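Remember, my numbering sits 4 above the position in the sequence shown when you count from 1.
Ideal Cβ positions, reconstructed from N, Cα and C, are used throughout, including at glycine.
In this text the structure is predicted, and so the values were computed from the model without any measurement.
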Amino acid sequence: MSVLYRRRGGVMARAVGHLIAGALALAVAWLVGLFWYAADVPRSSPTGADAERATDAIVVLTGGSNRLRTGLELLAAGRARKLFVSGVYDGVEVQELLKLSRHSPTEMECCITLGYSADSTIGNAYETSDWMRDQGFRSLRLVTANYHMRRSLLELSMAMPDVDLVPHPVVAPTVHLDDWWMWPGTANLLINEYNKLLVAGARWMLRRVVRD
5 MSVLYRRRGG VMARAVGHLI AGALALAVAW LVGLFWYAAD VPRSSPTGAD AERATDAIVV
65 LTGGSNRLRT GLELLAAGRA RKLFVSGVYD GVEVQELLKL SRHSPTEMEC CITLGYSADS
125 TIGNAYETSD WMRDQGFRSL RLVTANYHMR RSLLELSMAM PDVDLVPHPV VAPTVHLDDW
185 WMWPGTANLL INEYNKLLVA GARWMLRRVV RD
């Protein structure tokens, strides 16, 4: 009987050891991925051919005044025919947004559409997809915060795989990417965004498995 207990104890110890080793491996992989993600966040807005390239539409995901200002500047520069702002709060009108961003309402109001239904990045993707399909557009320049760009591109690519996406990251002045782990606010933001990116990536892989 004691031999049987010892064998069971040995099996249990090995199982626990394997679980601990697996958990440590996952933790290390998560940490390495986090530092890779933080290092990959764009430090500046695009330049050269990517900055000059024209698309059918410019899409701004709300969340910061710099995003809207950038989108309006791109529209004024002729980078696209129309601007779509996704995730706008109810009651906000085009003229109000233009005034807040110091643009003349009479010059650009006709080329801007506001989307009110999205309250998340996934919602942004599907709201934008519906608008792009209604307009018959095939390409868009995506304007969002630099730390938010990778997940936004992934969500939009899942919602509209046939649309050409051109990233236009906006540098968030309050996000300190150099030595980010020493800034609690930035570290918390990047960790949360990285975890959301992992979930979005898992959904993307699951969709591919199901489709194949």
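Problem set entry | Cα-Cα separation, M5 to M209 | Confidence at M5 is low in this model, with a pLDDT of 49, below 50, so the placement of that residue should be treated as unreliable; the coordinate-derived value is given next. Rounded to whole angstroms, M5 to M209 spans 49 Å at the Cα level.
For this session: Could you name the residues of the same chain whose beta carbon sits closer than 6 Å to that of M153, not counting the 5 residues immediately before and after it, in chain order?
Result: P171, P173
For this session: State the DSSP-derived secondary structure class of D168, mapped to helix, strand or coil.
Result: strand
Exercise. Counting Cβ pairs, one atom from each stretch, are 3 or more of them under 8 Å apart for the segment 45-60 and the segment 21-36?
Worked result: no
For this session: Taking 8 Å as the cut-off, decide whether the C-beta atoms of L65 and N150 are in contact.
Result: no
Problem set entry | Per-residue DSSP class, three states only, for G119 | strand
Exercise. Can you give the Cα-Cα distance for L118 and G82, rounded to whole angstroms?
Worked result: 19 Å
Problem set entry | Whole-Å CB distance - A204 paired with E131, under 8 Å assumed | Rounded, the Cβ-Cβ distance is 16 Å, inconsistent with contact.
Exercise. Between the beta-carbon of G91 and the beta-carbon of D123, is there less than 8 Å?
Worked result: yes
Exercise. Which of helix, strand or coil does DSSP assign to L181?
Worked result: coil
For this session: State yes or no: is the C-beta of L146 within less than 8 Å of the C-beta of V167?
Result: no
Exercise. Would the beta-carbon of R71 fall within 8 Å of that of T148?
Worked result: yes
Exercise. DSSP three-state call for R145: helix, strand or coil?
Worked result: strand
Exercise. Quick one: Cα of V63 to Cα of W185, how far?
Worked result: 31 Å
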